[in-house]
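Each position in the sequence shown, counted from 1, maps to that position plus 1 in the working numbering.
Cβ coordinates follow ideal geometry from the N, Cα and C atoms, glycine included.
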Amino acid sequence: MDERTQLLPGRRRPLRGWRRTGTYTGRTVASLADSVALNNDSRSVIDRMSQRIRQAQEVTSYTTNSITVLVSSNALTYSYVPGEKKLYEIENSVTNVLLENCTSLVFDLYRRNPMTNSFDQFPATDDIDEAKLVRVKWTCESSRPGKAAGSSELI
């Protein structure tokens, strides 16, 4: 038997698989780090968007991929471009990228009054003047080296 092979007392075969365990642990830690980073990014974006949208006087334009609101007589637009997988914030001709690697994003508008015996709201898609609630739902992905798709975060 080779000198470099380790044997535990009472065992006849050398220890194997420790390298695989280390690789698996490394991948798990990398995956957890991706999830934490996505979660932090998503939280900061939803905090920023909710703060700005709550300051709005009215919704001026709406599609499932973008929404424009009036904040202090300035138009504020949030626009998702599926081909680029990015969410943009546009105000006073200044464009900021809020999210990258975003695989889906949907804006929904609702009225203030709730449905009977439910916590759900009535949709306001037919008349944006009645919109009082905005729901944003997105999924982002993070890719790690060696993996096609890493973590995903649904907000």
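Under 8 Å between C-beta atoms of V60 and V70:
Translated into the one-based positions of the sequence shown, residue 60 becomes position 59. Translated into the one-based positions of the sequence shown, residue 70 becomes position 69. Yes.
Does the region 49-56 come close enough to the region 65-80 that 3 or more CB-CB pairs lie under 8 Å?
With the cut-off at 8 Å, the region 65-80 and the region 49-56 touch.
I believe Y111 touches L99 by the beta-carbon criterion, under 8 Å. Please report the beta-carbon distance rounded to the nearest angstrom.
Sequence index remark: in the sequence shown, residue 111 carries index 110 (1-based). Sequence index remark: in the sequence shown, residue 99 carries index 98 (1-based). With 8 Å as the limit, Y111 and L99 do not qualify as a contact, their Cβ atoms being about 22 Å apart.
DSSP three-state label for S105, please.
Mapped onto the sequence shown, residue 105 falls at position 104. Note: S105 maps to strand in three-state DSSP.
Local conformation of E92 per DSSP, three classes
Taking the first residue of the sequence shown as position 1, residue 92 is located at position 91. For E92, the secondary structure class from DSSP, reduced to helix, strand or coil, is strand.
Assigned secondary structure, E142 (DSSP; H/G/I helix, E/B strand, else coil)
Against the sequence shown, residue 142 aligns to sequence position 141. DSSP places E142 in the strand class (E or B) of the three-state scheme.
Do you know how far the Cα of D48 is from the Cα of K138?
Here the question's residue 138 lines up with position 137 in the sequence shown. Here the question's residue 48 lines up with position 47 in the sequence shown. The straight-line gap from Cα to Cα measures roughly 14 Å.
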